[in-house]
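Asker:
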Amino acid sequence: MLPLFAAVIVVAGTVLPGVATAAPEDGPSLANSPTLSLRTLGSDPDIALYGVEGVQTVTVPVQPGLAAAELVATAVLPVNARGGTLEVTQEDRTLARVPLPPDQGPISIPLAGARVVDNAVTVLLRSYLTLPDGYCVYDATNPLRLVDAAIRYTGQEIPPATIADFLPPVLQKLTVFVPSNPSKAESDAALRLVTATVARYGLQRTAVDLVPTDGGAVPPPAALERQIMVREGQAPGLSLQGPNAVPVLVISGPPGELTNQARLLSSDISKLAVRSKAVAGPLSTTPQLPSDMTTIRRLGQPGVNATALVNPRVTVPLDQTRLGRSVHGVRVHLQGSYTPLPSSVAGQVVVSIGGQTIDRWATETDGRIDRWIDVPDRLLQRYTNLDIAVNAAGNTGRCGEFQPITLTIDGESPVESKLAKPPVPGGFQALPQALMPRVEVGIDDGFANLRRAALILTGLQRLSARPFDTAVVSRQDAITSSNPALVVSPDRWDAASIALPVSVDSQDMITVENVDGSGTSSTLTLDPKIGFGSLQTLYSGGRTLLVATSTNTPDELDRLLGWLNADTTRWSGLTGNALIAVADRDPIQVNTATAQPESAVASTDRKALYLGIGAVVVVLAALGAGAIAWRGRRSRS
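Just so we're aligned: the sequence shown equals residues -22 to -1, 1 to 615 in mature numbering (1 follows the signal peptide of the UniProt record, and there is no 0).
Next up, the structure:
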């Protein structure tokens, strides 16, 4: 996290330069009694209630002016369930009781009267199932499910009148307007706004868009949309302007001050900006360097427990983006408990990752868990799930005779880690944590390069549970820097000091470095030649680089970035270290075992990555009409 220290807000009477806007529309572009899926609201749209009496807490954001009227869903009953009742309560008040419909039937759960606290409503759902005599429901695969859940709101959203209220609890889209040829300061401020917004709204998957403007009319925003205009100017500050129901937020200032003003919107002190105009004093963005010791609570898991008849299981997520860096040598001091087993039942505690057991021990009479677990580097990913289970075996009697086992892991369980250089794992799975806490963004002039950088940073920020910082520099400065960097070079990669995993020379010869980890490279020449766009990552000079480039075909690079951002799962599913886009085909992932001069820290416990060059050859060969010349040579020293 990037803390914001000493800051001053001046509620300004100075009027910033006006913003050209379209004529007011016939009706306000505000949310009016919408129905929104829980997925849109940043939650799982499938609610599961386990057991005869299931309990689940549901929290939904509420826009100013709206009220949560009802939760609507489709009820999927457990096997053999004859029906039941669903009750919704808030604190000590019962808001409603509704009968469960037949299996796969629609259900409407009233929420009228629920109190809104901090722009959110939290209620408790409790299910009471009717079951055949003697039938037990402890199977974790057989809960009552409320699928495709959505919230129907009533009322009409209140437009923001102050900067503090500009960003609402629910935001479907943010549009950032910048000049058609933005300056370095304007680009820097725009990218900070984009990444900060994506980080703020997290699982809401808020869409962000950069739009060029030279001062023309700004169209009215859609419902649940906000608009920001970034531009250099003499008067620093933020100001709500325009005649639309939802005004545009103008962020202005001279080159040395514009970025600082943009930081205000994502800082905690923005709550104090309770006027339509404000000027921020200096806001420090000194990155907070992560430590070697944390707890699972600080990693987003306040503690976890599960109850089952014989085999309770819990999962502790180890998220490298929450650790704020690429790590290895991870150790977890599991602290918790489980229900002691009777003497007639044997049991063991099993710790595993992805189905691979990494530790196990017999259950003890006191039911206490206090054990250090070493996580092998070879099993580390960007997100690594540590599964803990109590496996019981023996005569558990008839239904109801054996009491369920409760397994609990405390949130204060310590987690130790060490900084990994090079990252573990490597390639795309090292992103964005290997670029944190601050990434330099190397782009040359022009809106197109800014938009490409925004698409990449948006995708990376969606992978991260915590925000990272950006700093716009020139392309050359990013290449020669010693800091983690994103470099956008849309036409051709011409930095001789840095060899990409897949490159093309002036003779259109394709070179793949370090084939199968043997220290050699291979080349491929196509006739007729073909251009491609690529996104490649490598570890060079003690830092991680992410390069977006093409073979003088920037359209292919743009198509690649559009493909990546069309589906939020595509970024998280990337493996290897190069993604190649050629015309009329889906992008191709290429895996190379890149040689790492500093690999001693992790070499004994990492999986080797092998070259997927065969698939590339087949695809590219299919596009060429002539001969293919393939030869191997030693890698360049």
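All C-beta atoms, glycine included, are put in the ideal place defined by N, C-alpha and C.
#1: DSSP three-state label for Thr153, please.
#2: Counting pairs of Cβ atoms below 8 Å between the segment 168 to 184 and the segment 130 to 141, do you hit three or more?
#3: Can you tell which of Leu73, Asn10 and Glu31 has the C-alpha that lies nearest to the C-alpha of Gly43?
#4: Thinking just about the alpha-carbon of each residue, which of Ser391, Gly193 and Ala431 is nearest to the one in Ser158?
#5: So, at 6 Å on beta carbons, what are the nonlocal neighbours of Thr386 in its own chain, with the 5 sequence-adjacent residues on each side left out?
#6: Quick check: what's the CA-CA separation for Val323 versus Gly389?
#7: Should the segment 95 to 103 be regarded as contacting the segment 18 to 36, the criterion being three or more beta carbon pairs within less than 8 Å?
#8: Just checking, does the segment 453 to 465 make contact with the segment 561 to 568 on the three C-beta pairs under 8 Å criterion?
#9: Within the chosen definition, does the segment 417 to 430 reach the segment 259 to 278 through at least 3 CB pairs nearer than 8 Å?
#10: Could you give the DSSP three-state label for Ile476: helix, strand or coil?
#11: In chain order, what residues of the same chain have a beta carbon less than 6 Å from the beta carbon of Asp483, not counting five sequence neighbours either side?
#12: Are the segment 40 to 54 and the segment 136 to 150 touching, with three or more C-beta to C-beta distances below 8 Å?
#13: Assign Val466 to one of two classes, buried (16 or more other C-beta atoms within 10 Å of its C-beta) or exposed (fewer than that).
#14: Ser21 to Gln150, Cα distance in whole Å?
#15: Would you mind stating whether Lys255 and Ser217 have Cβ atoms separated by less than 8 Å?
#16: With Ser269 and Pro401 assumed to form a contact (beta carbons below 8 Å), what rounded beta-carbon distance in angstroms separates them?
#17: Restricting to Cα atoms, I'd like to know which of Pro197, Thr384, Ala412 and Thr503 is closest to Leu523.
#18: Given Ile476, which residues of its chain have a CB within under 6 Å of its CB, disregarding the five upstream and five downstream residues?
#19: Give the secondary structure of Thr546 by DSSP, where H, G and I count as helix, E and B as strand, and everything else as coil.
#20: With distance defined between alpha-carbon atoms, name the residue in Pro56, Thr448 and Asn369 nearest to Arg123.
#21: Apart from the five residues on each side of it in sequence, which residues of its chain come closer than 7 Å, Cβ to Cβ, to Thr(-2)?
#22: Using a Cβ-Cβ cutoff of less than 8 Å, which residues in the same chain neighbour Ala578 once the five nearest sequence positions on both sides are dropped?
#23: Between the alpha carbons of Thr570 and Ala46, how many angstroms are there, rounded?
#24: At the level of alpha carbons, what is the spacing between Ala544 and Leu513?
#25: Determine the DSSP secondary structure at Asn363, reduced to helix, strand or coil.
#26: Once the 5 residues before and after Thr285 are set aside, which same chain residues still bring their CB inside 6 Å of it?
#27: Can you tell me the Cβ-Cβ gap for Arg75 and Leu109, rounded? I've got them flagged as a contact below 8 Å.
#28: Beta strand (DSSP E) containing Tyr106: first to last residue?
#29: Would DSSP call Val560 helix, strand or coil?
#30: Going by DSSP, which residues form a beta bridge with Met487?
#31: Taking the alpha-carbon positions, what's the His311 to Gln298 distance?
#32: Considering only the alpha carbon of each residue, which of Val480, Leu535, Leu397 and Ala426 lies closest to Arg521?
Answerer: So, to answer that:
#1: strand
#2: no
#3: Nearest C-alpha to Gly43: Asn10.
#4: Looking at Ser391, Gly193 and Ala431, the one whose alpha-carbon comes closest to that of Ser158 is Gly193.
#5: Asn283, Gly314 and Ser315
#6: C-alpha separation (whole angstroms): 29 Å.
#7: yes
#8: no
#9: no
#10: coil
#11: Cβ within range, chain order: n/a, list empty.
#12: Yes, they touch.
#13: It is buried - the Cβ of Val466 has at least 16 other Cβ atoms within 10 Å.
#14: 14 Å
#15: Lys255 places its beta carbon less than 8 Å from that of Ser217.
#16: No, Ser269 and Pro401 are not in contact; Cβ-Cβ is about 18 Å, not under 8 Å.
#17: In terms of CA proximity to Leu523, Ala412 leads the group Pro197, Thr384, Ala412 and Thr503.
#18: Ser518
#19: helix
#20: Per the C-alpha coordinates, the member of Pro56, Thr448 and Asn369 positioned closest to Arg123 is Pro56.
#21: Caution is warranted here: a pLDDT of 44 is assigned to Thr(-2), below 50, making its placement in the model unreliable, and no coordinate value can be reported.
#22: Note that Ala578 has pLDDT 39, beneath the 50 cutoff, so the model's placement of it is unreliable and the number below is only indicative. Same-chain partners within the cutoff: there are none.
#23: 51 Å
#24: 16 Å
#25: strand
#26: Pro382 and Thr384
#27: Between Leu109 and Arg75 the Cβ distance is about 19 Å, and since that is not below 8 Å, they are no contact.
#28: Ala98 to Thr108
#29: Val560: coil per DSSP, three-state reduction.
#30: Thr503
#31: 17 Å
#32: Closest option to Arg521, judged by alpha-carbon separation, among Val480, Leu535, Leu397 and Ala426: Leu397.
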